[in-house]
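S.K.: Residue numbers (my numbering), protein chains in the order written: chain A, 1 to 481; chain B, 482 to 576. We treat Cβ as the ideally placed atom computed from N, Cα and C, and that holds for glycine. Source: prediction; values computed, not measured.
Right, here's the structure in full:
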């Protein structure tokens with residue numbers, strides 16, 4: 001039963017084919033059997049999960065959106081009384097006193113927490129190799145990375161260690177690992193899901209969204225967590241539609257744009273080839289296909305890292321060794337506590353973020369770097385708005401390549417940033433995107449297709465993604481573990 | 482674009498980080514590469530563009546100004562690795 005989608009598991013629970021306790025236990029057994037190999041989980045909350053499942057079984061009411069469905073959270077989502085580490089030494093023993101608001105919504109919908117999953121430290125990275133606790137391996141081939149930063153969530157869904165997982169996406173951190181591990185991964189419009197209680201990286205970019213086994217499941221989870229919250233002032237008061245109404249099996253009347261810049265230099269031929277084959281499938285489903293152009297795409301990576309590292313450096317300023325987290329044993333006065341606690345507690349990529357951001361925001365360089373990038377961001381947003389006048393969604397590869405080997409890019413931060421070349425523009429424009437399984441390379445590594453739509457148009461992603469999924473078998477393939 | 486080791490040290494000081502000589506060299510090279518790549522943004526004409534920091538266009542978001550119970554204060558204080566005295570965190574000497 002561990003390979004069931006949410007909607008299948010819900011049916012099984014309602015028809016009493018199995019209980020929530022049995023389902024939860026099956027996942028705990030699966031984690032025990034496979035996690036030495038993969039390392040998706042940082043914390044496993046077995047006792048709490050079983051206790052919660054028993055309560056749900058006793059009540060016997062499975063009418064909720066996610067009642068009895070076992071899931072996990074990326075370890076940057078605060079969970080009261082349960083360790084939340086951001087996979088950093090500086091928060092190694094941090095136990096938050098409150099829940100992220102989005103987690104409260106998941107609990108209200110009836111889901112069961114199995115544990116917390118791995119990420120690059122403070123979500124800074126594209127391979128999960130920057131985690132203080134070590135890399136999460138790709139379930140399809142354990143010599144390869146699972147992607148990042150949400151490597152743990154992606155691998156745990158691909159390897160049936162949960163029904164769904166929650167990750168975060170600042171520049172591709174849901175979509176890229178989803179692509180590398182062959183799961184569905186949804187990056188919502190900025191502000192669609194409240195960020196309260198989610199440890200920040202870059203506050204004007206961060207989004208929260210699900211990893212699932214089907215597109216229908218992604219729509220279900222989003223239904224449970226979307227919408228305005230008084231705990232996050234950046235969530236606009238825009239109604240949340242019934243996402244299930246978008247799940248249609250044909251694409252008649254829909255226009256899909258292929259941005260030529262997303263199929264060019266730097267994109268592996270095997271990857272772009274698989275996506276073009278997928279486009280043929282969508283054409284047969286009735287979609288009208290047009291070529292479009294987003295000429296600013298080549299500036300996305302520098303624009304992205306100047307802005308994100310600037311915001312990241314300010315967010316990291318709160319870790320001072322005083323309020324919470326790691327503190328040094330080796331300081332005599334106040335300044336020394338800050339400097340030593342931070343230097344001992346942060347890993348390399350976080351230090352690079354802080355220094356790059358500090359530099360870009362400092363007097364004398366602010367105009368040339370931060371302000372310049374903030375202007376290019378405005379232009380990119382406009383460029384996407386113009387393209388969405390002509391089409392309902394865009395189709396692109398999610399990542400320029402399939403998974404790379406562990407260690408391959410570890411010493412070259414700029415090469416690592418380039419992994420996000422096709423996903424960062426979507427965060428820069430604040431729009432939404434979703435990766436769906438779309439094939440495999442000759443080496444047997446997954447290829448993902450990215451569907452992109454305008455702000456608050458998640459319904460279009462579900463429409464295109466669901467129709468494509470119904471016409472293909474890629475999402476049904478499972479890694480041999 | 483090449484950052485000097487004095488520049489790297491200055492940035493680290495502003496950022497409240499302490500770097501070893503080895504880290505100064507390593508980060509110096511990596512940051513020079515990254516910032517050098519960012520110089521390509523100079524090609525874009527932004528003379529008529531207003532910068533953007535709020536991507537969905539929200540402005541002045543307000544909520545009703547009403548008091549609500551919150552029992553977090555003590556729990557938040559407990560998070561501190563420093564000694565607590567009279568409901569305050571006791572820090573080390575400033576000098």
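Are the Cβ atoms of residue 330 of chain A and residue 323 of chain A separated by less than 7 angstroms?
M.R.: Position 330 of the first chain, counting from 1, holds the residue named residue 330 of chain A. Position 323 of the first chain, counting from 1, holds the residue named residue 323 of chain A. Their beta carbons are not under 7 angstroms apart, which means residue 330 of chain A does not touch residue 323 of chain A by this criterion.
S.K.: Quick check on the burial criterion: 16 or more other C-beta atoms within 10 angstroms. Buried or exposed for residue 460 of chain A?
M.R.: Within the first chain, the letter at position 460 stands for residue 460 of chain A. So residue 460 of chain A ends up on the buried side.
S.K.: Note down, in chain order, all residues in the region 526-554 of chain B with a beta-carbon under 8 angstroms from any beta-carbon belonging to chain A.
M.R.: Within the region 526-554 of chain B, the qualifying residues are 527, 530, 531, 532, 533, 534, 535, 536, 537, 539, 542, 544 and 553.
S.K.: In whole angstroms, what separates the C-alpha of residue 295 of chain A from that of residue 451 of chain A?
M.R.: Along the first chain, one-based indexing puts residue 295 of chain A at 295. Along the first chain, one-based indexing puts residue 451 of chain A at 451. Each residue's Cα considered, the two are about 19 angstroms apart.
S.K.: In the DSSP output, which residue or residues are listed as bridge partners for residue 117 of chain A?
M.R.: As a first step, residue 117 of chain A must be located in the first chain, where it is residue number 117. Answer is A:41 and A:74.
S.K.: Using the beta-carbon count (16 or more within 10 Å), is residue 130 of chain A buried or exposed?
M.R.: Numbered from 1 along the first chain, position 130 holds the residue referred to as residue 130 of chain A. Buried, since its Cβ has 16 or more Cβ neighbours within 10 Å.
S.K.: Would residue 209 of chain A and residue 186 of chain A be called neighbours here (beta carbons separated by less than 7 angstroms)?
M.R.: To locate residue 209 of chain A, count along the first chain from 1; it is residue 209. To locate residue 186 of chain A, count along the first chain from 1; it is residue 186. Yes, the Cβ-Cβ distance between residue 209 of chain A and residue 186 of chain A is below 7 angstroms.
S.K.: Using DSSP's beta-bridge definition, name the partner residues of residue 489 of chain A.
M.R.: Shown here, chain A extends from 1 to 481; a query on residue 489 of chain A therefore has no answer.
S.K.: Could you tell me the distance, in whole angstroms, from the CA atom of residue 40 of chain A to the CA atom of residue 364 of chain A?
M.R.: Stepping through the first chain from its first residue, residue 40 of chain A is reached at position 40. Stepping through the first chain from its first residue, residue 364 of chain A is reached at position 364. Roughly 43 angstroms separates the two Cα atoms.
S.K.: So for residue 533 of chain B, helix, strand or coil by DSSP?
M.R.: Here residue 533 of chain B refers to the residue found at position 52 of the second chain. Residue 533 of chain B: coil per DSSP, three-state reduction.
S.K.: Between which two residues does the beta strand (DSSP E) containing residue 145 of chain A stretch?
M.R.: To locate residue 145 of chain A, count along the first chain from 1; it is residue 145. Segment 141-145, the beta strand (DSSP E) holding residue 145 of chain A.
S.K.: Could you pull the DSSP bridge partners for residue 138 of chain A from this structure?
M.R.: Start at 1 with the first residue of the first chain, and residue 138 of chain A comes out as number 138. Residue 138 of chain A pairs with A:141.
S.K.: Mind checking who residue 291 of chain A pairs with in its DSSP beta bridge?
M.R.: Sequence index remark: in the first chain, residue 291 of chain A carries index 291 (1-based). Answer is A:258.
S.K.: What span of residues does the beta strand (DSSP E) with residue 450 of chain A cover, start to end?
M.R.: Position 450 of the first chain, counting from 1, holds the residue named residue 450 of chain A. Taken as a continuous stretch (DSSP letters only), the beta strand (DSSP E) holding residue 450 of chain A covers 446-453.
S.K.: I want to verify the contact list: residues of chain B whose CB lies under 7 angstroms from the CB of residue 377 of chain A, in sequence order.
M.R.: Reading the first chain from its first residue, position 377 is the one you call residue 377 of chain A. Here the neighbours are 533.
S.K.: Are the C-beta of residue 324 of chain A and some C-beta of chain B separated by less than 7 angstroms?
M.R.: To locate residue 324 of chain A, count along the first chain from 1; it is residue 324. Cβ-Cβ to chain B under 7 angstroms: yes for residue 324 of chain A.
S.K.: How about residue 112 of chain A: is its C-beta nearer than 7 angstroms to some C-beta of chain B?
M.R.: In the first chain, counting from the first residue as 1, residue 112 of chain A sits at position 112. Output row for residue 112 of chain A: interface = no.
S.K.: Alpha carbon to alpha carbon, how far is residue 399 of chain A from residue 192 of chain A? Give it in angstroms, no decimals.
M.R.: Here residue 192 of chain A refers to the residue found at position 192 when the first chain is read from its first residue. Here residue 399 of chain A refers to the residue found at position 399 when the first chain is read from its first residue. Cα-Cα distance, rounded: 24 angstroms.
S.K.: Where in the region 347-416 of chain A do unbroken runs of the beta strand (DSSP E), each at least 3 residues long, occur, reported from the N-terminal end onward?
M.R.: Listed in chain order, they are 393-397.
S.K.: Whose CA, out of A:431, A:409 and A:406, lies closest to the CA of residue 378 of chain A?
M.R.: Along the first chain, one-based indexing puts residue 378 of chain A at 378. Of the candidates A:431, A:409 and A:406, the one whose C-alpha sits nearest the C-alpha of residue 378 of chain A is A:431.
S.K.: Looking only at its own chain, which residues have a Cβ that is under 8 angstroms from the Cβ of residue 299 of chain A, when we skip the five neighbours before and after it?
M.R.: Along the first chain, one-based indexing puts residue 299 of chain A at 299. Same-chain partners within the cutoff: 376 and 380.
S.K.: Just to confirm my understanding: we take residue 449 of chain A, look at its own chain, exclude 5 residues before and 5 after, and list those with CB closer than 6 angstroms. What are they?
M.R.: Locating residue 449 of chain A in the first chain gives position 449, where the first residue counts as 1. These residues qualify, in order along the chain: 275, 278, 436 and 438.
S.K.: Against chain B, does residue 351 of chain A count as a neighbour if the rule is that its beta carbon must be under 7 angstroms from one of theirs?
M.R.: Here residue 351 of chain A is taken as the residue at index 351 of the first chain, counted from 1. Yes, residue 351 of chain A lies at the interface with chain B (some Cβ there is under 7 angstroms from its Cβ).
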